[in-house]
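What follows is a set of notes on a single structure, which appears directly below.
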Amino acid sequence: MAITYLKRSPKTSSTDDTKTREIVENILKDIEKTKEEGCKELSKKFDKYEGDVIVSKEKIEEIKKNLDQKTKDDIQFSHERVRKFAEAQLKNYGQDFEVELSDGLFAGQKLIPVNTAGCYVPAGRYAHIASAVMSVTTAKVAGVKNIIVCSSPKPGVGVHPSIVYTADLCGADVIMNLGGVQAIAAMTNGLFGNAPADILVGPGNQFVAEAKRLLFGKVGIDLFAGPTEIAVIADETADPEMVAYDLVGQAEHGYNSPAWLFTKSKKIADYVLQRVPELIEDLPDLPRENSGAAWRDYGEIILCDTDEEIAKVSDDYAPEHLEVQTKNLQWYHDRLKNYGSLFIGEETTVAYGDKCSGTNHILPTKGAGKYTGGLFVGKFIKTLSFQRMSKEATKEVGAACARISRYEGMEAHARTGDVRLRKYGFSN
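In this text, residue positions in the sequence shown follow this note's numbering: the first is 49, and each later residue adds one.
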């Protein structure tokens, strides 16, 4: 087996981690002391915004009235599909149960949604309407009672009107004109009159992702996420133009968004290597700047000898988004194990999943697809166990517990079993 890098990236998605961590740690420490006022000052500094933090009900109604109908229709199209998929996940996720493990010993589980979810919706470079759909809709379907949305405000405007409309449509209870690390800190600590979040979800830049990582434990998070990623597996039957477009489409997200091609076809590889820079050059300023830097510093083309070799490389990378454009689609579907979301055949593309086709676009990056999937209803639900037992069951369970505890040297533990055995008339 031989792997050839026709293009290898000089950087990885972890290149700037140390610097980012230091910046975020300092901001979080400052907000612990300054609280709401500190958040407002950071919003003024980074977003040039000085208005109200909480989006009023009057403002929401005004936006709903003034937003053009076609935009509202498209947002509802996305919402309906994401909601239906989340409902199907919930139906097939699990259920409360109780089972008798031995005579008189019963154990079971209850599925209970968290009380408060904090949903971050990025709006720095672009207004990510779809991120509001993905996070808020899924929390709502899971049964979360209190959903808080934060998104970066624009000077004199606040949160992008389409994001406000989307968050409200999908079930947000509170919408906040607040972005960046200060938004994560505010939701975690229950600032601006809100309940503290039990879980934080949603994509964001490296500073938002690092804030979530540092606060994990104090609050739950959906997953450890970095810059968005795409990998395309393509053989000689793939349309090279589609492959090139799909790679550029995801690199557009940011300067550090990896885009990878895994292929057996030198012809496909050579075409993509030449075509991607041409497609990037034809973009408007911001997408051109982002995708150009991403392809230059994080793009890779890997030429392999066999399908099995491609599958192994792909599983090693565990890409966030993985497209398969080959003649043997089912083989890859059965073989691939590590990815955030899979896009099978040229008829689908990452862009569909990102915006409106139904599956969630909040997905694991930086290899996290090796141990976790993306955001789904289960992330908002606690699987809690319980047990109950009869007095008669204590004869067996209590005696075994006491003996195991003494094997471990935990005498007080053992005596909790002993006292019940005595009370119920059993000997150890």
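Glycine residues also receive a C-beta, built at the ideal position from the N, C-alpha and C atoms. On a predicted model such as this, the values are computed, not experimentally measured, just so you know.
R336: not part of any beta strand (DSSP E); member of the alpha helix (DSSP H) spanning 333-346, first to last residue. When G268, S150, A175, D100 are compared, the shortest CA-CA separation from N163 is found for G268.
In the structure shown, Q157 adopts extended strand secondary structure according to DSSP, grouped into three states.
Nearest in C-alpha terms to A292, of all of L327, S405, Y380, Q124, is L327. Exclusion of the five residues before and after A282 leaves V291, T311, I316, Q373 as the residues of its chain whose Cβ lies within less than 6 Å of its Cβ. DSSP, reduced to helix, strand and coil, places M235 within a helical segment of the structure shown. Restricting attention to alpha helix (DSSP H) runs no shorter than 4 residues, the stretch 218-263 encloses them at 228-237, 254-263, ordered along the chain.
When DSSP states are grouped into helix, strand and coil, N386 belongs to the coil group. Under the rule that a run must span 4 or more residues, the alpha helix (DSSP H) segments found entirely inside the stretch 113-180 read 117-141. For S200, the closest alpha carbon among the candidates T186, G465, I102, G191 is that of I102. Of E348, P335, D95, the smallest CA-CA separation from D318 is found for E348.
With a 10 Å radius around the Cβ and a threshold of 16 neighbouring Cβ atoms, L423 comes out buried. In the structure shown, H381 adopts helical secondary structure according to DSSP, grouped into three states. Our two residues, V256 and G228, have alpha carbons roughly 6 Å apart in a direct line. The way I'd put it, the stretch 373-383 doesn't touch the stretch 93-108; fewer than three beta-carbon pairs between them come closer than 8 Å. Our two residues, G252 and G302, have alpha carbons roughly 11 Å apart in a direct line.
Cβ-Cβ separation between R131 and S405: approximately 13 Å, too far for a contact (criterion under 8 Å).
Around the beta carbon of T68, 16 or more other beta carbons sit within 10 angstroms, so the residue counts as buried. The alpha-carbon separation between A175 and A136 amounts to approximately 28 Å.
DSSP places H461 in the helix class (H, G or I) of the three-state scheme. By DSSP's assignment, H409 forms no beta bridge with any residue. In the three-state reduction of the DSSP assignment, R436 falls in the strand class. In the DSSP assignment, I278 is bridged to A307, H369.
Around the CB of V324, 16 or more other CB atoms lie within 10 Å, so the residue is classed as buried. Residue T413 holds the alpha-carbon nearest to the alpha-carbon of A366 among T413, A342, V398.
Secondary structure of S362 (DSSP, three-state): helix. With respect to G152, M437 sits close: the two C-beta atoms are nearer than 7 Å. The distance from the Cβ of V249 to that of I410 is about 6 Å, consistent with a contact at the 8 Å cut-off.
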